[in-house]
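The structure under discussion appears below in the form of structure tokens.
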Amino acid sequence: MFDWLFKPYRQHKILRNIDWIESQTERYFSAPLEQVQAEHKEVVTMAKEAQVRGKLAGEIYQGLGDIESAKLAANTEGIKVLEQVQQRRQGYRSMRGRLIKGS
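Going by full-length UniProt numbering, the first residue of the sequence shown is number 1, and it counts up by one from there.
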């Protein structure tokens with residue numbers, strides 16, 4: 001629903017604003033790079049697995065001669081993954097916004 005908010009140019013502006021706030025307050029928002037990379041890899045893996053599951057489900061129904069069920073099965077898997085990916089993205093944003101006080 002709010003996908004327009006997270007397009008690259010918007011993300012850049014939001015991150016730039018966060019960077020400005022960090023510089024003014026000397027309080028930093030961040031997450032370990034390794035954690036972000038690991039979660040990104042997990043999202044990519046989830047998407048690939050769902051693509052395979054959807055394809056297999058579609059092939060099973062298609063083999064039975066039920067084309068409509070094949071399309072529905074593939075779309076259902078796709079929708080599940082989109083929801084999971086959106087939850088992961090929300091997790092990325094919350095990691096970026098986690099406050100780590102400067103020592």
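All C-beta atoms in this analysis are idealised placements derived from N, C-alpha and C, irrespective of residue type, glycine included. No experiment lies behind these values; they were computed from the predicted model shown.
Separation of valine 81 and glutamate 42 (C-alpha to C-alpha, rounded to the nearest whole angstrom) is 12 Å.
With fewer than 16 other Cβ atoms from the protein chains shown falling within 10 Å of its own Cβ, alanine 38 counts as exposed. Each of Gln87, Thr76, Gln86 was checked against the Cα of glutamine 51, and the nearest Cα belongs to Thr76.
Contact check for alanine 70 and glycine 58: beta-carbon distance about 4 Å, within the 8 Å limit, so the pair qualifies.
Counting C-beta atoms within 10 angstroms of its own C-beta, glycine 63 has fewer than 16 neighbours from the protein chains shown and is therefore classed as exposed. When secondary structure is reduced to three states using DSSP, glycine 63 falls in the helix class.
The beta carbon of glutamine 84 is closer than 6 Å to those of Met46 in its chain, skipping five residues each way along the sequence.
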